[in-house]
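The next block holds one structure in the form of structure tokens; read it before the comments.
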Amino acid sequence: MSALIDSLAIEARLPADDHVEVRRRAHKMLLKHGFPDIKTEAWKYTSLRVLEKRAFSDHLPGSNVLPELPFAATVLHFDNGLLNANDLNLPDGVTLEPQSGAQLDAVDHGDRAGAFGWLNLARFEQAWQLRIEGQLEQPLVLVISTAEDFHGDVHPRLAIELAAGAKAQIIEVHGDCGEGLVNIVQDIVLEQSANLHHLISRQSAQSAWIQRSHVKVAGDADYRFHTLDRGGRLTRHDLAVHLTASGAHAEIDGTVLVNDRQHVDFHTAIDHEVGHTNSRESFRILADGSGVGVFNGRIHIQRGADDSHSDLNTANLLLSEAARINAKPELEIYAEEVTASHGATIGQLEDQALFYLRSRGIPADQASALLKQGFAAAPFENIESGPVRDWLLGVLNNVI
Amino acid sequence: MNQTVEQVNQVIQQRYKAGFYTDIESDRVRAGLDEEIVAMISAKKNEPAWLLEWRLKAFHHWQTMREPNWAHLKVPAIDFQKIHYYAAPKQKNRPKSLDEVDPKLLETFDKLGVPLHERARLAGVAVDAVFDSVSVGTTFQKELKEAGVIFCSFSEAVQEHPELVREYLGSVVPFTDNYFAALNSAVFSDGSFVYIPAGTRCPMELSTYFRINARDTGQFERTLIIAEPGSEVSYLEGCTAPMRDENQLHAAVVELVARKKAKIKYSTVQNWYPGDENGKGGIYNFVTKRGDCREDDARISWTQVETGSAITWKYPSCILRGDRSAGEFYSVALTHNHQQADTGTKMIHLGKDTTSKIISKGISAGKSNNSYRGLVRIAKRAANARNYTQCDSLLIGKTCGAHTFPYIESANPTAKVEHEATTSRIGEDQLFYCRARGLDEEDAVAMIVDGFCKEVFKELPMEFAVEAKALLEISLEGAVG
Numbered sequence: 001m002s003a004l005i006d007s008l009a010i011e012a013r014l015p016a017d018d019h020v021e022v023r024r025r026a027h028k029m030l031l032k033h034g035f036p037d038i039k040t041e042a043w044k045y046t047s048l049r050v051l052e053k054r055a056f057s058d059h060l061p062g063s064n065v066l067p068e069l070p071f072a073a074t075v076l077h078f079d080n081g082l083l084n085a086n087d088l089n090l091p092d093g094v095t096l097e098p099q100s101g102a103q104l105d106a107v108d109h110g111d112r113a114g115a116f117g118w119l120n121l122a123r124f125e126q127a128w129q130l131r132i133e134g135q136l137e138q139p140l141v142l143v144i145s146t147a148e149d150f151h152g153d154v155h156p157r158l159a160i161e162l163a164a165g166a167k168a169q170i171i172e173v174h175g176d177c178g179e180g181l182v183n184i185v186q187d188i189v190l191e192q193s194a195n196l197h198h199l200i201s202r203q204s205a206q207s208a209w210i211q212r213s214h215v216k217v218a219g220d221a222d223y224r225f226h227t228l229d230r231g232g233r234l235t236r237h238d239l240a241v242h243l244t245a246s247g248a249h250a251e252i253d254g255t256v257l258v259n260d261r262q263h264v265d266f267h268t269a270i271d272h273e274v275g276h277t278n279s280r281e282s283f284r285i286l287a288d289g290s291g292v293g294v295f296n297g298r299i300h301i302q303r304g305a306d307d308s309h310s311d312l313n314t315a316n317l318l319l320s321e322a323a324r325i326n327a328k329p330e331l332e333i334y335a336e337e338v339t340a341s342h343g344a345t346i347g348q349l350e351d352q353a354l355f356y357l358r359s360r361g362i363p364a365d366q367a368s369a370l371l372k373q374g375f376a377a378a379p380f381e382n383i384e385s386g387p388v389r390d391w392l393l394g395v396l397n398n399v400i
Numbered sequence: 001m002n003q004t005v006e007q008v009n010q011v012i013q014q015r016y017k018a019g020f021y022t023d024i025e026s027d028r029v030r031a032g033l034d035e036e037i038v039a040m041i042s043a044k045k046n047e048p049a050w051l052l053e054w055r056l057k058a059f060h061h062w063q064t065m066r067e068p069n070w071a072h073l074k075v076p077a078i079d080f081q082k083i084h085y086y087a088a089p090k091q092k093n094r095p096k097s098l099d100e101v102d103p104k105l106l107e108t109f110d111k112l113g114v115p116l117h118e119r120a121r122l123a124g125v126a127v128d129a130v131f132d133s134v135s136v137g138t139t140f141q142k143e144l145k146e147a148g149v150i151f152c153s154f155s156e157a158v159q160e161h162p163e164l165v166r167e168y169l170g171s172v173v174p175f176t177d178n179y180f181a182a183l184n185s186a187v188f189s190d191g192s193f194v195y196i197p198a199g200t201r202c203p204m205e206l207s208t209y210f211r212i213n214a215r216d217t218g219q220f221e222r223t224l225i226i227a228e229p230g231s232e233v234s235y236l237e238g239c240t241a242p243m244r245d246e247n248q249l250h251a252a253v254v255e256l257v258a259r260k261k262a263k264i265k266y267s268t269v270q271n272w273y274p275g276d277e278n279g280k281g282g283i284y285n286f287v288t289k290r291g292d293c294r295e296d297d298a299r300i301s302w303t304q305v306e307t308g309s310a311i312t313w314k315y316p317s318c319i320l321r322g323d324r325s326a327g328e329f330y331s332v333a334l335t336h337n338h339q340q341a342d343t344g345t346k347m348i349h350l351g352k353d354t355t356s357k358i359i360s361k362g363i364s365a366g367k368s369n370n371s372y373r374g375l376v377r378i379a380k381r382a383a384n385a386r387n388y389t390q391c392d393s394l395l396i397g398k399t400c401g402a403h404t405f406p407y408i409e410s411a412n413p414t415a416k417v418e419h420e421a422t423t424s425r426i427g428e429d430q431l432f433y434c435r436a437r438g439l440d441e442e443d444a445v446a447m448i449v450d451g452f453c454k455e456v457f458k459e460l461p462m463e464f465a466v467e468a469k470a471l472l473e474i475s476l477e478g479a480v481g
């Protein structure tokens, strides 16, 4: 594993800013714990071999064009992972500034399982703090893209804060054409009664795309997450949601599509720290070609968090001989007056449904595409904003 | 509220009825583990050279391994050099029949309700009784022999049927499998051996009763069951130990081999001493149990009721190698006070049209933690494999934990896997309903728990089902109110 540390040349080419000490500490922690291997429980199904074999270069890649969106939005473009903060036209109530040293000093990414968090902290060039007050009318779109000649590593770091009572929609559009490493760390805080709809649409090519999102939800606040992941050579997303006060609510919905030589690993964890908190999760994987889909969904209800309710459901379709799906829904319950349940299935398209469509004159490939579309679209039906839902379903239908 | 201290003490003591100690002279090797001890155990059993060699290989492999730490358990450090790896009640010569067995031993098993003597005839169950490290007697040998069934202690099998032991030993659980299986392979002392010839249905239930008695010893038994094509057997296992302040280690290995169209049903009521209400003492139970449906249409069914042990680490598994073979796992695991359990199963689907079913019921009370951990793996060539898993957890009290960790891996597009799990507590409305009909709270809880576990209990042979129900009630005493 030290080969990966060497090839990333962790101490090379970093800005001489106020965060030298922060990076040094993170570097030490990374060396102490090392990168995870398949013996690390949380990385059991995802090997880093692809990354280990890769040579990273400092070459500056070309810039990317922004994708077109069918709805009005405020766009922040992280071109090859770096945000050009000049000429930003932010709406009222939104501020963007660099994170303070004190904030970064307090960061803890734990042990080996959090190695990429430490790597981010050891290598980041920019760390932004986005604060939202009041209710935003337009969605805020974060575009993170890489160019074809991207062979390096970038480590975007972003803290998002929603003030009490604030309401926002944040849409992330991740597009990759390169062959490097994109390693994102997000800290999201929802203060009292805040409301955030967080959506990620991602398609990665040869780059390893690794993301850690850490969300804290205060009393009566509401966090809704949607993701459509269209696969990548190696994608791993860790999403941890902490319900920290009474009335906090979280919902996670996602669909992952994997095909030849793709590997997507989604780890979610919902932590009910106190009572009177609710969560719901629904996750689907469609694995075709030689794709591998991994889903690990954890529900943790802490001692004393009575009257918490949680439900998790994962349904998966295995569509080819060479594809694989590994699912691990987990419950860890320490409180008594709770209801917690999960369900998991792995199967294939129903013969009967296919037959029904074909008997009505629909060719076999169209019939199966229709069924797949219907299956994959289900987690997005509860998106409130019509234009955003239509856009996402359009993206989905283009792939299938 | 008007209970006296004595009454309370009576209830507490009643909770673990098997906690007495039998004062019997025993022959014990020195504490510690090295090549010499392994050789000494082998020599005491007068084993052939190949077996000693196998034990030593296992020992050397064990030395290279680390204790597993992935389970949801807090395991205090175990000093493997402080354990006595062999203890046996002193007997001048091995008794030829049960009449020659030390009456003190028979009395012990009698107290535990294990039918070794005339009661055995009434019960119609053949019993192999294992006391510390050795088997002290096996009943119904003659009747079984007539049917062609071999049911004897493991040591006897090594002497009488070395070819069978050599062929099958380690073929399901190799010594390289895991830390505790390697340890067991190096130092195993005794256990049961069952061989059912082709086309034979075993004429009676077979049963082994394990008893740890001596202080500071570990128990490492090994059970091997071979069911030849078309045969059928039902096997029961029970276990107890004295109440002691220190912890004792139990690391067993059970291997089942089911050949074409053979059926094996393996039931366990595990009631090792769980420790006292402050978490002091109790057995550390690290067990590897695995069945191999080696040929087509074989069937293996595990049923377990786990109420004892301070720590349980146990995953009875099925390897579904033959086409159309089937595996089943029914489990009730109850933890109370400071007990910890991490238990479940593995269903490895390799053959075509294989099916498996998992029903797991976990009950946690007191300050205990109870985890279900199960793996369902569908291999690439396991076309049309089918699995159904249901695991439910029940919480009694605010200081316990109930956890579920299922691993589902599928690599075949024609396979279907379903898993569902729920966690809840006994509802106020259920309790109120029962109490309104005149049941006191403890009886009401026992009744609800009994209903919760019904799906598993109905899989147990009748004598065991009655015992399991009584055991749950006793184990739950003091869990409410």
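Line by line, the protein sequences are chains A and B.
When you line the first sequence up against the working numbering, it's residues 1 to 400, in that order.
When you line the second sequence up against the working numbering, it's residues 1 to 481, in that order.
Every residue, glycine too, gets a C-beta built ideally from N, C-alpha and C.
Values in this document were obtained by computation on a predicted structure and should not be read as measured data.
Is the region 24 to 39 of chain A close to the region 129 to 140 of chain A, with three or more CB pairs under 8 Å? With fewer than three CB-CB distances shorter than 8 Å, the region 24 to 39 of chain A does not count as touching the region 129 to 140 of chain A.
So, is the C-beta of Glu332 of chain A closer than 8 Å to a C-beta in chain B? yes
In this structure, does DSSP put Val173 of chain B in helix, strand or coil? Three-state DSSP puts Val173 of chain B in coil, outside helix and strand.
Give me the DSSP bridge partner(s) of Ile319 of chain B. B:Asp292, B:Ile348
What is the residue span of the beta strand (DSSP E) that Lys28 of chain A lies within? For Lys28 of chain A, no beta strand (DSSP E) run applies; the uninterrupted alpha helix (DSSP H) run containing it begins and ends at 20 to 33, by DSSP.
CB contact flag (Lys346 of chain B, Gly322 of chain B, <8 Å): no
Per-residue DSSP class, three states only, for Leu90 of chain A: coil
Applying the criterion that 16 or more other CB atoms from any shown protein chain within 10 Å of the CB defines a buried residue, is Glu350 of chain A buried or exposed? exposed
Identify each residue in the region 405 to 425 of chain B for which the Cβ-Cβ distance to at least one residue of chain A is less than 9 Å, and report them in chain order. Phe405, Pro406, Tyr407, Ile408, Glu409, Ser410, Ala411, Asn412, Pro413, Thr414, Ala415, Lys416, Val417, Glu418, His419, Glu420, Ala421, Thr422, Thr423, Ser424, Arg425
Just the C-alpha distance for Ser301 of chain B and Ile226 of chain B, rounded to the nearest angstrom, thanks. One C-alpha to the other measures close to 14 Å.
At the 8 Å Cβ level, is His403 of chain B part of the contact set with chain A, yes or no? yes
Fully enclosed by the region 285 to 334 of chain A, which beta strand (DSSP E) runs are 3 residues long or longer? 292 to 301, 309 to 318, 324 to 333
Who are the near neighbours of Gln304 of chain B in its chain, counting only those whose CB is closer than 6 Å to its CB and skipping five residues on each side? Thr268, Ser331
Residue nearest to Asn183 of chain A in terms of C-alpha spacing, selected from A:Ser320, A:Ser207, A:Gln366, A:His197: Selected option, being the one with the closest Cα: A:Ser207.
Close Cβ partners of Asp311 of chain A (< 6 Å) along its chain, the five nearest in sequence each way excluded: If we look at Asp311 of chain A and ignore the five residues flanking it on each side, its Cβ neighbours are Arg280, Ser341.
Any beta-carbon of chain A closer than 8 Å to the one on Leu439 of chain B? It does not: the Cβ of Leu439 of chain B has no partner Cβ on chain A nearer than 8 Å.
With DSSP as the reference, identify every bridge partner of Asp390 of chain A, one or two as the case may be. Beta-bridge pairing links Asp390 of chain A to no other residue.
In chain order, each beta strand (DSSP E) run of at least 3 residues that lies wholly inside the region 24 to 75 of chain B: 26 to 28
Thr335 of chain B: buried (16+ other C-beta within 10 angstroms of its C-beta) or exposed? buried
Any idea what DSSP makes of Glu441 of chain B, helix, strand or coil? helix
Looking at the C-beta of Leu164 of chain B, does it have a partner C-beta in chain A at a distance below 8 Å? No, no contact with chain A.
What in chain B is Cβ-close to Ser341 of chain A, meaning under 8 Å? Glu420, Ala421, Thr422, Thr423
Residue from A:Gly275, A:Gly175, A:Gly386, A:Leu48 with nearest C-alpha to Phe71 of chain A: A:Gly386
Using CA atoms only, rank isn't needed, just tell me which of B:Phe432, B:Arg211, B:Pro162 is closest to Phe193 of chain B. Sorting B:Phe432, B:Arg211, B:Pro162 by C-alpha distance to the C-alpha of Phe193 of chain B places B:Pro162 at the top.
Looking at the structure shown, is His374 of chain A part of a helix, part of a strand, or coil, going by DSSP? Looking at the sequence itself, residue 374 of chain A is Gly, so the reference to His does not match. Looking at Gly374 of chain A - three-state DSSP - the assignment turns out to be helix.
Through-space distance from Gly114 of chain A to Ile38 of chain A, alpha-carbon basis: 14 Å
Below-8 Å beta-carbon distance, Leu395 of chain B vs any chain A residue: yes
Evaluate Pro91 of chain A with the Cβ neighbour count: other Cβ atoms within 10 Å of its Cβ, from every protein chain shown; 16 or more gives buried, anything less gives exposed. exposed
Between the CA atoms of Gly170 of chain B and Ala382 of chain B - distance to the nearest angstrom: 25 Å
Using a C-beta to C-beta distance shorter than 7 Å, which residues of chain B count as neighbours of Leu257 of chain A? Here the premise fails: no neighbours, minimum Cβ distance about 15 Å.
List the residues of chain B whose Cβ lies closer than 8 Å to the Cβ of Asn326 of chain A, in chain order. Asn326 of chain A reaches chain B at Tyr407, Ile408, Glu409, Ser410, counting residues in chain order whose Cβ is nearer than 8 Å.
Is there at least one Cβ from chain B nearer than 8 Å to Ser320 of chain A's Cβ? The C-beta of Ser320 of chain A comes closer than 8 Å to at least one C-beta of chain B.
Does the beta-carbon distance from Lys265 of chain B to Ser309 of chain B come in below 8 Å? No; because the gap between Cβ atoms is not below 8 Å, this pair is not in contact.
Interface residues of chain A facing Lys361 of chain B [CB-CB closer than 7 Å]: Those do not exist, as Lys361 of chain B stays about 14 Å from chain A at its closest Cβ, beyond 7 Å.
Integer-rounded CB distance, given that Leu476 of chain B should sit under 8 Å from Val449 of chain B: Taking C-beta atoms under 8 Å as the contact rule, Val449 of chain B and Leu476 of chain B qualify, at a distance of about 6 Å.
Are the CB atoms of Ile396 of chain B and Ala365 of chain B within a distance shorter than 8 Å? yes
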